[in-house]
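Asks:
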Amino acid sequence: MDHTIQYGTAAAGVISILTLYLALRRRNTVRNIPGPTSPSWLFGNMLQLYLSPTYGDYEFDWQRIYGPFYRTKGCFGQDKLMISDPVSLQYILNSPHFKFGPTMENGIHLLFGIDSIIGVNEEDHKRIRAALSVGFTAAAVRDYIPVFVKAAQMLTEQLEESSGKSSNICPLLSLATIGTISEVALGYSTEDLGEEFMKNNFQILTIAFSQSATQIVADAIGARLPGWVWRAAIHLPTATCKAIRTAKRLANELGNQVLREKREAAEQGLDIDTDLYGRLLDLHRLDRTKNTLTEAEIVAQTAIVMLAGQDTTANTLAFGLVELARAPEFQDRLRAEIHSALCASDGGSVLYDNMPLLNAFIKESLRMFPAEAFTDRVAVKDVVIPLTDSLITTTGERISHIPVSKGQNITLAIASYQRLESRWGEDAQEFKPSRWLDGQTFKGEAVGPYANLSAISFSTPPTVSHMITV
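Position one of the sequence shown corresponds to residue 6 (my numbering), numbered consecutively onward.
#1: By the 10 Å Cβ neighbour count, where 16 or more other Cβ atoms means buried, how is Ala256 classified, buried or exposed?
#2: Just the Cα atoms here: how many angstroms apart are Ala301 and Thr77?
#3: Would you mind listing the beta strand (DSSP E) stretches within the stretch 361-423 that are 3+ residues and don't spill past its ends, in chain order?
#4: Of the choices Asp381, His406 and Glu64, whose alpha-carbon is the least far from that of Pro107?
#5: Checking 8 Å against the spacing of the C-beta atoms, do Ser121 and Ala420 come in under that value?
#6: So, Phe379 versus Gly325, is the Cβ gap smaller than 8 Å?
#7: Would you check if the stretch 83-92 and the stretch 398-418 touch, i.e. whether three or more CB-CB distances between them fall below 8 Å?
#8: Quick check: what's the CA-CA separation for Gln273 versus Gln423?
#9: Can you grab the Cα-Cα spacing for the pair Ala438 / Asn320, in whole Å?
#10: Along the chain, where does the beta strand (DSSP E) that runs through Phe105 open and close?
#11: Give me the Cα-Cα distance between Met398 and Leu241, rounded to the nearest whole angstrom.
#12: Would you mind reading off the limits of the beta strand (DSSP E) that contains Asp84?
#13: Drop a sphere of 10 angstroms on the beta-carbon of Asp280, count the other beta-carbons inside from all chains shown, and report buried for 16 or more, exposed for fewer.
#14: Determine which residues share a DSSP beta bridge with Arg76 and list them.
#15: Whole angstroms is fine: what's the gap from Phe117's alpha carbon to Leu312's?
#16: What residue from Ala181, Cys246 and Ala341 has the CA that sits closest to Thr317's CA?
#17: Output the boundary residues of the alpha helix (DSSP H) element that contains Thr211.
#18: If you check the beta carbons only, do Pro39 and Tyr75 fall under 8 Å apart?
#19: With distances taken between CB atoms, is the gap from Thr245 to Ile212 smaller than 8 Å?
#20: Quick check on Arg403: buried or exposed, where buried means 16 or more other Cβ atoms within 10 Å of its Cβ?
#21: For Gly260 and Ser215, I'd like the C-alpha separation in whole angstroms.
#22: Just mark Pro408 as buried or exposed, buried being the case when its beta carbon has 16 or more other beta carbons within 10 Å.
#23: Which residue wins for smallest C-alpha separation from Glu347, given the options Thr243, Gly192, Leu363 and Ile209?
#24: Report yes or no: do three or more beta-carbon pairs, one from the stretch 385-396 and one from the stretch 96-105, lie closer than 8 Å?
#25: Can you tell me whether Gly444 is helix, strand or coil according to DSSP?
#26: Beta-carbon within less than 6 Å of Ile309's beta-carbon, same chain only, minus the 5 sequence neighbours each way: which residues are those?
#27: Can you look up Gly118 in the DSSP assignment and give me helix, strand or coil?
#28: If you drop the 5 nearest sequence neighbours on each side, which residues of the same chain put their C-beta closer than 8 Å to that of Leu285?
#29: If you run the structure through DSSP and keep just helix, strand and coil, what is Val355?
#30: Using a threshold of 8 Å, state whether the C-beta atoms of Ile186 and Ala252 are closer than that.
#31: Can you tell me whether Ser168 is buried or exposed? The criterion is at least 16 other CB atoms within 10 Å of its CB, across all chains shown.
#32: State yes or no: is the C-beta of Val355 within less than 8 Å of the C-beta of Phe103?
#33: Between the beta-carbon of Gln315 and the beta-carbon of Ser179, is there less than 8 Å?
#34: Quick check on His240: does DSSP put it in helix, strand or coil?
#35: Please go through the stretch 264-320 and give each complete alpha helix (DSSP H) segment of 4 or more residues, from N-terminal end onward.
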């Protein structure tokens, strides 16, 4: 082996060990917050959180015992805060004093690139987000409805062909989702994407959602490594690194190809204002101001547009269908409502907003099965987090604000928030669409962008997949 590589590897190991030691020596400002006992110094509570037989077996019990703000242990004895308190969540999400956890931040840069909407600085993030909103207006969404209808019809036909036999609906939903995203964002079908793209897409999703005890420890170590180690590691000849490199290459090639074809179509006088990228390119051609995106910036969003939320959208839909199958009476009522709406449309546009049962079912599915169960943030400076209600520390002190130090890791417990009894009622653990019909839902300050739900991802801005879910 090359001596340079050996020395570099050894230096990286020394740096990571030193960083870990200093992190563990740092004064812990949250040590008096109540929380569950850690069964292991190596894993802390992470095996319980990530690898429970059924999601939430431990987390929902911890919330019931300790409330919406408690301490857990991460790997190597690290103190972490678990938060589902709505006031705390809102403060953290709207504060510039918190950033993505290091594992997610490095993963974002590796997979989506530093020029993607979640890789750029705050000013550029706002500008890109504002520009992307052209594809998420009410008028734009109405234009996409035929795409959604076609995808639903194709999925229905596939299920009808397997009538009488058990079907794994998750792969079907995942394929329908990527097809819909591709048509709405790029104007491409899955066939247009090509076999290599689809194969790599499956690989990336498998990598992203794989979890094991080894992976948990590896992530904990990786979180303490400097960014240059991550940037160097992507060139390793492993299957994971190769898949990520391929994904970035394919996304860049796809984005450039789509824009080239749309540019040529526009030069021929054809309408390109039919999908997200067409709208973005049209704006750039007509108004080259700072409020529009350059072609390079549009291309840089391709990976996140195509990947972000794809499988989580399919999973939310799948779990919602499971609950629908468990409620035959509600299923009959919902079917009757849909049939009535279709008859009333007489072949025209269906007024989805006038279908209360359907909307209640969608909202309850998003509440019970959010796209992300939890996600991490890190304090970038010493800060004080407010609470909805005061809590009593292990020393008997009652506090209404919690001071945290720079570098403190915080887990935003999204699934726990969605089942918080003080927010949703004593039956918060039940799948109950009627809560959206009888005024039982709490109408407080919004934490998420849809129906006071944080079901739509906190890790990425609203994307095509989120729109499909709703």
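All C-beta atoms, glycine included, are put in the ideal place defined by N, C-alpha and C.
Replies: This is what the structure holds:
#1: buried
#2: 43 Å
#3: Those beta strand (DSSP E) runs which fall completely within the stretch 361-423 and span 3+ residues are 380-384, 388-397, 403-409 and 414-417.
#4: Taking only the C-alpha atoms, the option nearest Pro107 is Asp381.
#5: no
#6: no
#7: The stretch 398-418 vs the stretch 83-92: in contact.
#8: 50 Å
#9: Checking the displayed sequence, the identity of residue 438 turns out to be Pro instead of Ala. In a straight line, the C-alpha of Pro438 is about 18 Å away from that of Asn320.
#10: Phe103 to Phe105
#11: Looking at the sequence itself, residue 398 is Thr, so the reference to Met does not match. Thr398 and Leu241: Cα-Cα distance of roughly 46 Å.
#12: Asp84 to Ile88
#13: buried
#14: Leu86.
#15: 9 Å
#16: Ala181
#17: Glu200 to Phe214
#18: yes
#19: In terms of Cβ geometry, Thr245 and Ile212 form a close pair [threshold 8 Å].
#20: The Cβ neighbour count for Arg403, taken over all protein chains shown within 10 Å, is under 16; the residue is labelled exposed.
#21: 27 Å
#22: Using a 10 angstroms sphere on the CB of Pro408, the tally of other CB atoms stays under 16, which defines it as exposed.
#23: For the record, residue 347 in the displayed sequence is Leu; it is not Glu. For the residues Thr243, Gly192, Leu363 and Ile209, the minimum Cα distance to Leu347 belongs to Leu363.
#24: yes
#25: coil
#26: Phe117 and Ser121, listed in sequence order.
#27: coil
#28: Contacts found: Ala136, Leu137, Val139, Gly140, Thr297, Leu298 and Ile303.
#29: coil
#30: In this structure, Ile186 lies away from Ala252, with their beta-carbon atoms at least 8 Å apart.
#31: By the neighbour-count rule (16 or more Cβ atoms within 10 Å), Ser168 is not buried but exposed.
#32: No, Cβ-Cβ distance for Val355 and Phe103 is not below 8 Å.
#33: yes
#34: coil
#35: 281-291, 300-305 and 307-312
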